[in-house]
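Colleague: Using the numbering used here, the final residue of the sequence shown is 275, and nothing's skipped along the way.
Note that beta-carbon positions come from the ideal geometry of N, C-alpha and C, so glycine has one too.
One structure is given below, represented as structure tokens, and several questions about it will come after.
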Amino acid sequence: MSSEFKELIRKGDELLNRLDALPDSEAKSLAFGLLKALDAIHRRSLGRLIEELKQREGVAMIKQLAEDESVAALLEMYDLLPLDEKARAEKALETVLEYIHSHDGRLEVLGVEDGMVSLRLSGSCLTCPGSALTLNLMVESALREHMPGFKGMHIEDPSGQRTTIMARAQQAKWIPIAAADSVAPGTMRAFEVAGASVLLCNLGGKFYAYANACPGTDRPLHAGQLVQAIIFCPWHNCRFDVRTGARLMGMAGSGDLKALPISLEDGQIKLSVS
Ligand code: FES
Numbered sequence: 002m003s004s005e006f007k008e009l010i011r012k013g014d015e016l017l018n019r020l021d022a023l024p025d026s027e028a029k030s031l032a033f034g035l036l037k038a039l040d041a042i043h044r045r046s047l048g049r050l051i052e053e054l055k056q057r058e059g060v061a062m063i064k065q066l067a068e069d070e071s072v073a074a075l076l077e078m079y080d081l082l083p084l085d086e087k088a089r090a091e092k093a094l095e096t097v098l099e100y101i102h103s104h105d106g107r108l109e110v111l112g113v114e115d116g117m118v119s120l121r122l123s124g125s126c127l128t129c130p131g132s133a134l135t136l137n138l139m140v141e142s143a144l145r146e147h148m149p150g151f152k153g154m155h156i157e158d159p160s161g162q163r164t165t166i167m168a169r170a171q172q173a174k175w176i177p178i179a180a181a182d183s184v185a186p187g188t189m190r191a192f193e194v195a196g197a198s199v200l201l202c203n204l205g206g207k208f209y210a211y212a213n214a215c216p217g218t219d220r221p222l223h224a225g226q227l228v229q230a231i232i233f234c235p236w237h238n239c240r241f242d243v244r245t246g247a248r249l250m251g252m253a254g255s256g257d258l259k260a261l262p263i264s265l266e267d268g269q270i271k272l273s274v275s
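So, in structure tokens, the structure goes:
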């Protein structure tokens with residue numbers, strides 16, 4: 002996707018988020034009502050147009066038109082892109098790949114049957130709790146959004162073991178928290194997100210997020226240090242593995258860090274708050 006088109010989409014998302022944050026609930030409700038009405042008009046007219054083209058054996062023409070990214074994005078927005086279910090799932094998951102690849106992982110769509118998407122996950126992100134959370138939330142969010150009839154997913158690991166995750170009742174909400182380049186490799190920073198403190202760590206370009214609280218005392222960790230793959234708590238020197246959140250030493254029995262689901266999209270780190 003061209004950077005100009007990405008910027009248009011980013012701007013639209015930003016305006017929607019700003020609208021959602023307005024304190025005037027009446028104005029907000031009117032604006033969202035208007036957007037919904039426009040959306041319904043576009044959905045109906047585009048749907049009719051594509052249906053008519055299909056009946057006139059115009060699928061090849063639709064595919065040709067969809068080679069233009071703006072046409073493809075518009076048709077995709079209204080689930081009108083003529084793709085088979087596997088290709089639709091692959092397209093839906095394009096937004097997840099940046100994060101998975103950044104953790105040296107691979108995600109492959111094996112097939113789709115009766116609303117269930119079969120995926121294979123391999124690579125080092127299998128052992129990363131942040132990636133596991135991302136899979137549970139971000140993969141599901143993307144599939145729910147772009148695949149009508151999505152019911153759940155079967156996730157297969159390299160040994161062939163399968164885990165089935167059914168779609169949850171509510172869509173996860175992702176909040177942009179920082180530009181990826183605002184946290185340098187080998188450092189960590191705290192961010193306030195939806196009233197909670199989040200510790201974002203960058204280990205050689207791989208991002209990990211945890212609740213910014215040392216288990217046992219809940220004191221913040223961000224003034225500590227990230228040395229190689231170890232987080233040193235500044236208060237009593239407890240140590241944690243940044244890749245897994247596991248406690249390495251100190252305050253035995255008080256537990257590991259709480260991993261939070263993050264994703265990386267277009268250079269932005271996003272956190273799921275649902
Ligand atoms: S608060 Fe972290 S080691 Fe005591």
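1) Need the endpoints of the beta strand (DSSP E) that TYR209 sits in, please.
2) In this structure, does DSSP put GLU302 in helix, strand or coil?
3) Going by C-alpha distance, which of TYR79, ASP25, GLN226, GLY205 is nearest ASP40?
4) Which whole runs of the alpha helix (DSSP H) in the stretch 140 to 214 are 4 residues long or more, in chain order?
5) What does DSSP give as the partner residues of GLN269 in its beta bridges?
6) Name the DSSP beta bridge partners of ALA260, please?
7) Take ARG11 and list the residues in its own chain whose beta-carbon comes closer than 8 Å to its own, dropping the five residues that flank it on each side.
8) In three-state DSSP terms, what is LEU249?
9) Measuring from each Cβ to the nearest heavy atom of the ligand FES, keep the ones under 5 Å and list them in chain order.
10) For LEU136 and PRO262, I'd like the C-alpha separation in whole angstroms.
11) SER198: which of GLY205, ALA210, MET139 sits nearest, CA to CA?
12) Buried or exposed: GLU141, going by 16 or more other Cβ atoms within 10 Å of its Cβ?
13) In this structure, how does DSSP classify GLU109 when only helix, strand and coil are distinguished?
14) Give me the residue from GLY124, ALA173, TYR100 with the minimum Cα distance to VAL274.
Modeller: Quick look at the numbers:
1) On the sequence shown, position 208 is the one that residue 209 refers to. Taken as a continuous stretch (DSSP letters only), the beta strand (DSSP E) holding TYR209 covers 207 to 212.
2) Residue 302 lies beyond the stretch modelled for the chain, which goes from 2 to 275, so this question has no answer here.
3) The residue given as residue 40 occupies position 39 in the sequence shown. It is TYR79.
4) 141 to 147
5) Working through the sequence shown from its first residue, we reach residue 269 at position 268. Answer is ALA180, GLU266.
6) By one-based count along the sequence shown, residue 260 stands at place 259. ALA260 is bridged to TYR211.
7) By 1-based counting over the sequence shown, the position of residue 11 is 10. Counting only Cβ-Cβ distances below 8 Å, and skipping sequence neighbours, we find ASP267.
8) Counting from 1 along the sequence shown, the entry for residue 249 is found at position 248. Of the three classes helix, strand and coil, the one that applies to LEU249 here is strand, per DSSP.
9) CYS215, THR218, ARG220, CYS234, TRP236, HIS237, CYS239
10) Numbered from 1 along the sequence shown, position 135 holds the residue referred to as residue 136. Numbered from 1 along the sequence shown, position 261 holds the residue referred to as residue 262. Going from the Cα of LEU136 to the Cα of PRO262 covers about 9 Å.
11) By 1-based counting over the sequence shown, the position of residue 198 is 197. Closest option to SER198, Cα to Cα, is ALA210.
12) Stepping through the sequence shown from its first residue, residue 141 is reached at position 140. Buried is the call here.
13) Taking the sequence shown and counting its residues from 1, one reaches residue 109 at position 108. If DSSP states are grouped into helix, strand and coil, GLU109 belongs with the strands.
14) In the sequence shown, residue 274 corresponds to position 273, counting from 1. Residue ALA173 is the option with its Cα nearest to VAL274.
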